[in-house]
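Structure, as structure tokens:
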Amino acid sequence: MAILLGASLSGQLVAALVGALVGLYIVRTLTTYAKLRSFRGPSWTAISNWPHSMAMLSGHCHEWYAQVSKKYGPIARVAPRVLITSSPEVWVHVNNKPGYKRSDWYYNATRIEYRRDNVFSQTDNVKHEKRRKQMAPGYSGRENLNLEASVDERLQDLLHLIRSKYVSSDHRIVPMDLAQKVQYFTLDVISSVGLGKTFGMLKSDRDVDDYISSSEDGLAIGNTALALGFSWIAQAPLVGKFIAPSPDKTNGFGRMMAACFRAVDERAATPSDKRSDMLASFMRHGLAGDELRSEALEQIIAGSDTTAGAIRATLLHLMTNARVYRRLQSEVDDAVRRGLAPRSNEEEGLISAAQARQLPYLQAVIREAMRIWPPVTNIFSRDVPAGGDTVTVDGESVFLPGGVCIGYSAYAMHRSEKIYGKDADAFRPERWLEAEGDELAVMTRTNDLNFGYGKFQCLGKPVAQIELGKTIFELLRNFDLALLNPTRPWDARNYLGIFAISDMWVQVTQRAPVQIDQAQ
Numbered sequence: 250m251a252i253l254l255g256a257s258l259s260g261q262l263v264a265a266l267v268g269a270l271v272g273l274y275i276v277r278t279l280t281t282y283a284k285l286r287s288f289r290g291p292s293w294t295a296i297s298n299w300p301h302s303m304a305m306l307s308g309h310c311h312e313w314y315a316q317v318s319k320k321y322g323p324i325a326r327v328a329p330r331v332l333i334t335s336s337p338e339v340w341v342h343v344n345n346k347p348g349y350k351r352s353d354w355y356y357n358a359t360r361i362e363y364r365r366d367n368v369f370s371q372t373d374n375v376k377h378e379k380r381r382k383q384m385a386p387g388y389s390g391r392e393n394l395n396l397e398a399s400v401d402e403r404l405q406d407l408l409h410l411i412r413s414k415y416v417s418s419d420h421r422i423v424p425m426d427l428a429q430k431v432q433y434f435t436l437d438v439i440s441s442v443g444l445g446k447t448f449g450m451l452k453s454d455r456d457v458d459d460y461i462s463s464s465e466d467g468l469a470i471g472n473t474a475l476a477l478g479f480s481w482i483a484q485a486p487l488v489g490k491f492i493a494p495s496p497d498k499t500n501g502f503g504r505m506m507a508a509c510f511r512a513v514d515e516r517a518a519t520p521s522d523k524r525s526d527m528l529a530s531f532m533r534h535g536l537a538g539d540e541l542r543s544e545a546l547e548q549i550i551a552g553s554d555t556t557a558g559a560i561r562a563t564l565l566h567l568m569t570n571a572r573v574y575r576r577l578q579s580e581v582d583d584a585v586r587r588g589l590a591p592r593s594n595e596e597e598g599l600i601s602a603a604q605a606r607q608l609p610y611l612q613a614v615i616r617e618a619m620r621i622w623p624p625v626t627n628i629f630s631r632d633v634p635a636g637g638d639t640v641t642v643d644g645e646s647v648f649l650p651g652g653v654c655i656g657y658s659a660y661a662m663h664r665s666e667k668i669y670g671k672d673a674d675a676f677r678p679e680r681w682l683e684a685e686g687d688e689l690a691v692m693t694r695t696n697d698l699n700f701g702y703g704k705f706q707c708l709g710k711p712v713a714q715i716e717l718g719k720t721i722f723e724l725l726r727n728f729d730l731a732l733l734n735p736t737r738p739w740d741a742r743n744y745l746g747i748f749a750i751s752d753m754w755v756q757v758t759q760r761a762p763v764q765i766d767q768a769q
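Read in my numbering, the sequence shown has 552 at position 303, and its numbers run on one by one without any break.
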């Protein structure tokens with residue numbers, strides 16, 4: 250009898266506990282719903298994360314965010330406590346006003362190492378600002394005097410690789426995966442300017458130590474974990490150590506971590522090394538040990554994937570638009586004839602970053618490509634201050650309650666008809682040459698948000714801009730590029746807002762040198 254009574258009481262306690270948890274969940278759901286009841290969004294997003302999760306798992310969440318913004322307005326709901334905005338004014342406000350901070354739910358999931366933050370994943374504003382100040386001189390070039398020269402060396406490697414192995418002719422097509430070669434280039438650049446030692450991918454024409462495949466595996470795993478809501482496990486006490494990436498593992502980011510850490514440790518062990526690069530700058534400004542390793546790793550992963558994405562997107566949109574291709578190639582040839590660029594990159598060197606910036610159509614093409622295909626499309630979620638905040642949208646005040654977060658839809662913002670005109674979905678670089686005054690200023694400010702804003706602006710912006718201008722110019726000066734499969738030009742998957750792009754097969758033909766009038 251006592252046993253039956255005890256079992257009955259235990260059952261009642263379990264039932265009461267389950268009932269209490271269910272009740273707590275319902276109360277929490279209703280409270281969260283009430284906070285954002287004035288914001289519209291797709292079905293179930295008011296009470297469930299599942300629609301957002303499915304979008305992330307699809308590999309095309311940037312398109313879903315854009316559809317949500319187009320249907321539900323400049324501030325819309327995508328999850329129970331997550332808003333997105335397509336308004337550049339709102340996004341600038343959020344990134345500029347004190348009190349907003351990076352959201353743990355997203356940025357903790359972007360950690361590469363167990364319970365260790367880098368400048369991108371750090372959500373504490375004070376710590377983030379301190380780390381930025383330590384790293385900014387190295388990225389800017391002020392303490393990396395060989396920055397552009399290092400880019401030139403790697404670009405010459407890329408041009409040589411194409412000339413020696415992948416030039417097609419009327420009699421023979423030699424397929425080349427442009428996505429792969431561009432990533433070899435950006436990885437060799439960032440390892441050269443960041444670590445002082447190139448990975449050597451272009452010279453060996455292979456994915457050395459499986460850097461690229463391990464990085465894509467790591468991004469895919471992180472994306473799946475975040476979408477399904479279990480990314481926190483990799484950061485959990487005790488068990489997280491066995492799940493999070495580490496240099497001892499051969500899967501995910503493991504191999505890249507091991508190679509990067511070896512390079513960092515070699516430099517740190519030789520204080521007499523007088524090289525002037527990013528790593529040297531980081532060390533001069535107080536980074537050492539695990540902090541130095543973490544930042545070196547983050548710059549390689551973020552600095553190569555994003556810049557590679559921008560170069561690939563620019564080339565894809567050029568190859569699929571003959572009018573733009575011809576006009577840009579004409580500007581390139583004219584610059585060579587007029588002495589606005591070196592007349593032979595093999596004898597006189599490559600176009601300088603300063604010269605590339607003076608070519609209006611080249612710059613318009615780059616801006617337009619980054620507009621139509623933003624290289625980074627995660628929502629960069631920010632927590633609204635505890636007391637809430639009021640923002641202005643289309644002249645009206647909108648209150649954002651505390652306890653929620655807001656991110657941005659890159660795809661929607663950079664294809665806004667209000668900002669870029671009725672043909673905003675089309676690739677048309679001329680819009681940057683036609684606009685003037687306030688119209689051009691608004692377009693430019695919005696386009697610049699590709700690199701972030703204020704204290705959250707991308708540190709690698711100067712390096713990326715150097716690579717973009719020089720690479721597009723020199724490829725179009727030396728070669729003609731054509732897609733092998735126009736119906737499927739590439740395979741692009743969105744992992745945590747970064748595009749993993751592969752199978753971008755092209756045929757490359759050598760161009761004759763530009764004819765120079767000897768009288769000039």
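Every residue, glycine too, gets a C-beta built ideally from N, C-alpha and C.
> Who are the near neighbours of Phe448 in its chain, counting only those whose CB is closer than 7 Å to its CB and skipping five residues on each side?
Replying inline: Leu436, Asp437, Ser440, Val457, Tyr460
> What number of angstroms, rounded off, separates the C-alpha of Asn344 from the C-alpha of Val755?
Replying inline: 40 Å
> Can you tell me whether DSSP reads Ser601 as helix, strand or coil?
Replying inline: coil
> Looking at the unbroken alpha helix (DSSP H) that takes in Phe728, where does it start and where does it end?
Replying inline: No alpha helix (DSSP H) contains Phe728, which is instead part of the beta strand (DSSP E) from 728–732.
>> In chain order, what are the residue ranges of uninterrupted alpha helix (DSSP H) at least 4 long that sit wholly in the stretch 272–355?
In response: 299–307, 310–321, 337–345
> Grouping DSSP H, G and I as helix and E and B as strand, with all else coil, what is Ser441?
Replying inline: helix
> Less than 7 Å between the CB of Arg586 and some heavy atom of the ligand ADP, yes or no?
Replying inline: The ligand ADP is absent from the structure shown, which contains no ligand whatsoever.
> If you compare alpha carbons, which of Ser530, Ser418, Ile721 is closest to Ala613?
Replying inline: Ile721
> Per DSSP, which one or two residues make a beta bridge with Asp656?
Replying inline: Residue identity differs from the one stated: residue 656 is Gly in this sequence, not Asp. Per DSSP, Ile333.
>> Less than 8 Å between C-beta atoms, sequence neighbours within five positions excluded: which residues of the same chain meet that for Ala537?
In response: Ala517
> Sorted by chain position, which residues of the same chain lie with C-beta nearer than 6 Å to His663's C-beta, five sequence neighbours on each side aside?
Replying inline: Arg620, Pro623
> Which partner residues does Asp454 have in the DSSP bridge list?
Replying inline: In DSSP, Asp454 forms no bridge with anything.
> With DSSP run on the structure shown, which of helix, strand or coil describes Asn472?
Replying inline: helix
> Which one or two residues does DSSP pair with Val642 in a beta bridge?
Replying inline: Glu645
> Exposed or buried, what is Phe748 when buried is set at 16 or more other beta-carbons lying within 10 Å of its beta-carbon?
Replying inline: buried
>> By alpha-carbon positions, which one of Leu698, Gly636, Ser665, Ala571 ends up nearest to Pro735?
In response: Ala571
> Applying the criterion that 16 or more other CB atoms from any shown protein chain within 10 Å of the CB defines a buried residue, is His311 buried or exposed?
Replying inline: buried
> Measuring CB to CB, does Trp739 end up less than 8 Å from Leu565?
Replying inline: yes
>> With a threshold of 8 Å, are at least 3 pairs of Cβ atoms found where one atom belongs to the stretch 417–435 and the other to the stretch 633–646?
In response: no
> To which residues does DSSP link Gln756 through a beta bridge?
Replying inline: Ala731
>> Buried or exposed for Arg542, going by 16 or more other Cβ atoms inside 10 Å?
In response: buried
>> Helix, strand or coil, according to DSSP, for Ile422 in the structure here?
In response: coil
> From Pro762, Ala741, Leu708, Arg760, pick the residue whose C-alpha is nearest to that of Gly443; which is it?
Replying inline: Leu708
> Helix, strand or coil: how does DSSP classify Ser751 here?
Replying inline: strand
> What's the C-alpha gap between Ala602 and Thr372?
Replying inline: 34 Å
>> Tell me the rounded alpha-carbon separation between Val691 and Arg616.
In response: 13 Å
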